[in-house]
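K.L.:
Numbering (my numbering), first residue to last: 59 to 245.
1. Quick one: Cα of residue 118 to Cα of residue 163, how far?
2. Is the distance from the Cβ of residue 241 to the Cβ of residue 177 below 9 Å?
3. Give me the Cα-Cα distance between residue 189 and residue 197, rounded to the nearest whole angstrom.
4. In angstroms, rounded to a whole number, what distance separates the CA positions of residue 217 and residue 135?
5. Taking contact to mean 3 or more Cβ pairs, one atom from each stretch, closer than 8 Å, check whether the segment 85-94 and the segment 117-131 are in contact.
6. Does residue 161 pass the burial test, meaning 16 or more other C-beta atoms within 10 Å, or should it be called exposed?
7. Using alpha carbons as the reference points, say which of 128, 234, 137 and 168 lies closest to residue 104.
8. Count the other C-beta atoms from every protein chain shown that fall within 10 angstroms of the C-beta of residue 224, then say buried if there are 16 or more, exposed otherwise.
9. Are residue 230 and residue 85 close, meaning C-beta to C-beta below 9 Å?
10. So, with DSSP's three-state summary, where would you put residue 250?
11. Could you tell me the boundaries of the beta strand (DSSP E) in which residue 93 lies?
12. In the DSSP output, what is residue 106 paired with across the bridge?
13. In or out: residue 60 buried (at least 16 other Cβ within 10 Å) or exposed?
14. In angstroms, rounded to a whole number, what distance separates the CA positions of residue 180 and residue 133?
15. Express the C-alpha separation of residue 173 and residue 115 in angstroms, rounding to a whole number.
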């Protein structure tokens, strides 16, 4: 691995920043170097939010926004638009919260067959397990399944250390269900 760069798009309150931090923490637990950081506009619940995660085998990690991501994660269905995948590297992966098929997502985004897509209905999963539209842990299941950036068990370990009791259990179940139900445009 040279460096895997992930750009997250969500809305305030959906947990994009937390999800980016969970992936960074899981990467560090697996012996990699990682950095996660947010980019906020007008800070309010529901406002668009960007977060970034970089994972690498070397300690030198740029602290600048990810302009050419390997992976774009879209937490909010209303953000499934072409401008959110701008800069995605050739062969890159789009992970999105949508019940649509991966091929439909790629078509909607105007991406050709050299790109890959992973889709999961993270909203339904979050409502089922968390009783709220906080889709970050569900989208983590899809990200892990589609990229293998970290092991599923490592993500679950980080979630159990960040959350406690029923909240931890519900988030673990959301990750697991999303991991199993993610649709991939390949294999």
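Beta carbons: idealized from backbone N, C-alpha and C, even for Gly.
P.N.:
So, from the listed chains and residues:
1. Counted from its first residue, the chain shown places residue 118 at position 60. Counted from its first residue, the chain shown places residue 163 at position 105. Straight-line measurement puts the Cα of residue 163 at about 34 Å from the Cα of residue 118.
2. Mapped onto the chain shown, residue 241 falls at position 183. Mapped onto the chain shown, residue 177 falls at position 119. Contact flag set, yes.
3. Position 131 of the chain shown, counted from the start, is the residue given in the question as residue 189. Position 139 of the chain shown, counted from the start, is the residue given in the question as residue 197. Rounded to the nearest angstrom, the two C-alpha atoms are 16 Å apart.
4. Walking along the chain shown from the start, residue 217 turns up at place 159. Walking along the chain shown from the start, residue 135 turns up at place 77. Spanning the two alpha carbons is a distance of roughly 24 Å.
5. yes
6. Position 103 of the chain shown holds residue 161. Flag for residue 161 reads exposed.
7. Locating residue 104 in the chain shown gives position 46, where the first residue counts as 1. It is 137 whose Cα lies nearest to the Cα of residue 104.
8. For this step, residue 224 is matched to residue 166 along the chain shown. Exposed: under 16 other Cβ atoms inside 10 Å.
9. Here residue 230 refers to the residue found at position 172 of the chain shown. Here residue 85 refers to the residue found at position 27 of the chain shown. No, these two residues do not count as a Cβ contact at 9 Å.
10. With the chain covering 59 to 245 only, the question about residue 250 has no answer from this structure.
11. Along the chain shown, read from residue 1 onward, the residue named residue 93 stands at position 35. Here the beta strand (DSSP E) through residue 93 covers 91-98.
12. Your numbering for residue 106 matches position 48 in the chain shown. Paired residue(s): 69.
13. On the chain shown, residue 60 is found 2 positions in, with the first residue counted as 1. Residue 60 should be labelled exposed.
14. As a first step, residue 180 must be located in the chain shown, where it is residue number 122. As a first step, residue 133 must be located in the chain shown, where it is residue number 75. For residue 180 and residue 133, the distance between alpha carbons rounds to 8 Å.
15. Residue numbering aside, residue 115 sits at position 57 when the chain shown is read from its first letter. Residue numbering aside, residue 173 sits at position 115 when the chain shown is read from its first letter. Going from the Cα of residue 115 to the Cα of residue 173 covers about 24 Å.
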